[in-house]
Amino acid sequence: KESYYFYKSGLELAFGRLDGVSSDLDNFDTRMADLMHIATNFEYPEDLKASTMIMKNMREHIASMRSLWEFEDHRVQETEKYLVQRWGKVQPVDMEEDIKGLMKSLKELKADRKCD
443 KESYYFYKSG LELAFGRLDG VSSDLDNFDT RMADLMHIAT NFEYPEDLKA STMIMKNMRE
503 HIASMRSLWE FEDHRVQETE KYLVQRWGKV QPVDMEEDIK GLMKSLKELK ADRKCD
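Heads up: the sequence shown at position 75 corresponds to 517 in the working numbering, and the numbers run straight through without jumps.
Put into structure tokens, the structure is as follows:
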């Protein structure tokens, strides 16, 4: 499993690996275009459709993991906003509404539930 599946890997490492995997997929797209050209010339392009679908699914998966980590970055910033406030200035109703909004946003995210 890649490091972006695990919370303990941290934000920087997760985004680095997501960028790396995206770059690898871009390189595979270039190679796949060359292979599709050859397959079309020899009249068997349908043999590459399964590979194309796998790569499409991988891109969707990377996009969903990236959105999960972007959400986590936003959640940490929102939480820290309240942690640095003086106790007398904390507005509990606003904090509760913000946290409820974050929970609603988290439930709407499409991500692999097997991630920690």
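All residues carry an ideal CB built from backbone N, CA and C; glycine is no exception.
Assumed close pair residue i, residue j - CB separation to whole angstroms, cut-off 8 Å
i    : j    : result
R508 : L460 : 5 Å
L453 : E520 : The Cβ separation is near 15 Å, so there is no contact.
M497 : L477 : Going by Cβ atoms, the distance from M497 to L477 rounds to 12 Å, so no, they are not a contact pair.
M537 : Y524 : 5 Å
D471 : A481 : In fact, because the Cβ distance is near 15 Å, the residues do not count as touching under 8 Å.
S506 : K552 : 5 Å
Opening and closing residue of the alpha helix (DSSP H) in which residue i lies
i    : result
D476 : 453-483
P534 : 534-550
Counted within 10 angstroms of its Cβ, other Cβ atoms place residue i as buried (16 or more) or exposed
i    : result
Y486 : exposed
L510 : buried
A456 : buried
For residue i, three-class secondary structure by DSSP
i    : result
R508 : helix
Q527 : coil
F513 : helix
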